[in-house]
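Written below as structure tokens is the structure these notes are about.
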Amino acid sequence: MAARPLELEGTWEEIVAHAPELAGRRVRLTVLPEEMESAPEAKAPAFRPARGPSTARSLLRYAGTWEGNDLEERLEEVYANRTNTRF
0 MAARPLELEG TWEEIVAHAP ELAGRRVRLT VLPEEMESAP EAKAPAFRPA RGPSTARSLL
60 RYAGTWEGND LEERLEEVYA NRTNTRF
């Protein structure tokens with residue numbers, strides 16, 4: 000079983016700091032383009048919980064569009080993987 004390669008990412012100065020552990024080993028170096036300043040992220044809309052108890056009525060419009068034959072299997076997977084809600 001082959002060991003996973005060690006991946007290092009950072010500035011040249013940060014990479015050179017690992018020189019002792021890399022001495023005598025084969026390495027591959029990829030110089031990345033300078034990071035461009037990203038635009039400020041748009042503020043996510045405030046969460047609005049549904050009014051009243053959930054009935055999943057909005058999901059019913061998609062129920063008829065299910066493509067595949069694994070609905071029962073997916074449903075069992077949901078039941079097996081969901082956790083109890085704590086408030």
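The sequence shown begins at 0 in numbering that gives the first Met the number 0 and counts up by one.
Note that the Cβ used here is the ideal one computed from N, Cα and C, for glycine as well.
Which two residues bound the contiguous alpha helix (DSSP H) that contains residue i?
i, result
"A79", "L70 to N80"
"P4", "Looking at the DSSP string, P4 is not in any alpha helix (DSSP H), and its letter there is neither H nor E."
"A18", "A18 to L21"
"E66", "Careful: E66 lies outside any alpha helix (DSSP H) and carries neither H nor E."
"E13", "W11 to V15"
Under 8 Å by Cβ, that's how I've got residue i and residue j pegged, so tell me the actual separation to the nearest angstrom.
i, j, result
"L7", "I14", "6 Å"
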